[in-house]
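Numbering (our numbering), first residue to last: 5 to 262.
One structure is given below, encoded as structure tokens.
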Amino acid sequence: MACPPVAVAMLVAGNWKMNGTRVSVDALTSALAARAHACEVLVIPPAVFVPQVSAALSGSTVALGSQTVSEFESGAYTGEVSCTMALEFGCRYALVGHSERRALFAESDAQVAAKFAACKATGLVPVLCVGETLEERESGETEAVVFRQVQAVLDACGVGAFADAVLAYEPVWAIGTGKTASPDQAHIMHAALRERLAESNAEIAGGLRILYGGSVNAGNASDLFAERDIDGALLGGAALDAEAFEAICAAADAEMAR
Ligand code: PGA
Numbered sequence: 005m006a007c008p009p010v011a012v013a014m015l016v017a018g019n020w021k022m023n024g025t026r027v028s029v030d031a032l033t034s035a036l037a038a039r040a041h042a043c044e045v046l047v048i049p050p051a052v053f054v055p056q057v058s059a060a061l062s063g064s065t066v067a068l069g070s071q072t073v074s075e076f077e078s079g080a081y082t083g084e085v086s087c088t089m090a091l092e093f094g095c096r097y098a099l100v101g102h103s104e105r106r107a108l109f110a111e112s113d114a115q116v117a118a119k120f121a122a123c124k125a126t127g128l129v130p131v132l133c134v135g136e137t138l139e140e141r142e143s144g145e146t147e148a149v150v151f152r153q154v155q156a157v158l159d160a161c162g163v164g165a166f167a168d169a170v171l172a173y174e175p176v177w178a179i180g181t182g183k184t185a186s187p188d189q190a191h192i193m194h195a196a197l198r199e200r201l202a203e204s205n206a207e208i209a210g211g212l213r214i215l216y217g218g219s220v221n222a223g224n225a226s227d228l229f230a231e232r233d234i235d236g237a238l239l240g241g242a243a244l245d246a247e248a249f250e251a252i253c254a255a256a257d258a259e260m261a262r
């Protein structure tokens with residue numbers, strides 16, 4: 005049975021990945037901070053820029069997030085940033101399980117689940133990223149792969165942990181490739197994910213924001229947002245361009261006003 009999403013503010017999140025300089029980050033942040041949107045806007049800079057961006061966002065409604073966090077509280081984990089540190093420097097959100105972390109840094113489903121749990125334990129809102137590779141899609145495993153990724157978190161944290169969390173469906177083959185999933189392809193997976201969670205708790209599933217990510221741009225955002233189960237976007241490339249980012253936020257505003 006289809007599980008209808010309840011009305012929540014759409015979320016447009018920009019992951020800047022390992023890009024930017026002090027100067028470009030300042031320019032981008034001040035352009036975004038100057039505008040007001042009905043949708044929620046989130047920027048996710050490289051960790052070293054977090055204090056700079058946090059200061060520039062003060063007084064604006066744009067939220068700040070961390071690109072990754074450690075599953076550990078503190079200790080001898082060279083190079084890592086804890087959830088508490090991210091919170092102390094103004095982050096409200098953290099990406100968990102982005103496909104680049106899974107593929108390039110060998111993050112397992114279990115480690116991703118531990119990071120999700122660490123976020124929930126400290127009050128950081130996890131944005132859990134799931135998605136299949138092209139090979140997995142072509143061999144008909146899309147649903148099995150994304151369900152496995154979500155199940156690892158359900159097993160470790162329980163469905164209650166998805167209240168006030170965010171899910172992002174990002175087909176790996178669409179990330180940074182210019183190939184977007186069609187609104188239909190995206191919607192099928194979003195609806196399937198919501199239904200899967202509704203089997204455990206319909207209320208939490210209905211209130212969960214499920215973002216789409218993978219080559220979202222100013223030209224395709226409106227069509228994606230028009231799909232019922234798409235509650236926003238996780239941007240990569242488009243988030244580095246203030247105008248494109250703004251246009252995508254405006255598309256979310258327009259969808260919310262429909
Ligand atoms: P992209 O990246 O928009 O550049 O495809 C999306 C992401 O990695 O979240």
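Built from N, CA and C at the ideal position, the CB exists for glycine as well.
Member of the options whose CA lies at the smallest distance from the CA of residue i
| i | options | result |
| --- | --- | --- |
| Val16 | Ala261, Gly101, Val149 and Gly236 | Gly236 |
| Ala167 | Arg262, Lys183, Ile214 and Leu46 | Ile214 |
| Trp177 | Gln155, Asp257 and Ser186 | Ser186 |
| Ala117 | Gly162, Arg200 and Thr88 | Gly162 |
| Ala190 | Gln115, Gln155, Thr146 and Ala125 | Thr146 |
Whole-angstrom distance between residue j and residue i, CA atom to CA atom
| i | j | result |
| --- | --- | --- |
| Glu77 | Phe93 | 16 Å |
| Gly101 | Val150 | 12 Å |
| Ala98 | Ile192 | 26 Å |
| Arg232 | Met260 | 11 Å |
| Ala38 | Gly210 | 32 Å |
| Ile48 | Ala258 | 23 Å |
| Asn23 | Ile179 | 16 Å |
| Ile252 | Asn221 | 7 Å |
| Met5 | Ala196 | For Met5, the pLDDT reaches just 46, beneath the cut-off of 50, and the residue's location in the model is therefore unreliable, although a value from the coordinates is still provided. If I take the Cα positions, the gap works out to 10 Å. |
| Tyr216 | Gln56 | 28 Å |
Extent of the continuous alpha helix (DSSP H) run through residue i
| i | result |
| --- | --- |
| Pro130 | Taken as a continuous stretch (DSSP letters only), Pro130 belongs to no alpha helix (DSSP H), being part of the beta strand (DSSP E) at Val129 to Val134. |
| Leu158 | Thr146 to Cys161 |
| Ala256 | Ala246 to Ala261 |
| Glu1 | Since the first residue shown for the chain is 5 and the last is 262, residue 1 is missing from the structure and cannot be characterised. |
According to DSSP, residues forming a beta bridge with residue i
| i | result |
| --- | --- |
| Ser70 | Ala98 |
| Ala202 | Partner(s): none; Ala202 has no beta bridge. |
| Asn19 | Ile48 |
| Val170 | Val131 and Arg213 |
Beta strand (DSSP E) segment containing residue i, residue limits
| i | result |
| --- | --- |
| Arg213 | Arg213 to Gly217 |
| Ala237 | Gly236 to Leu239 |
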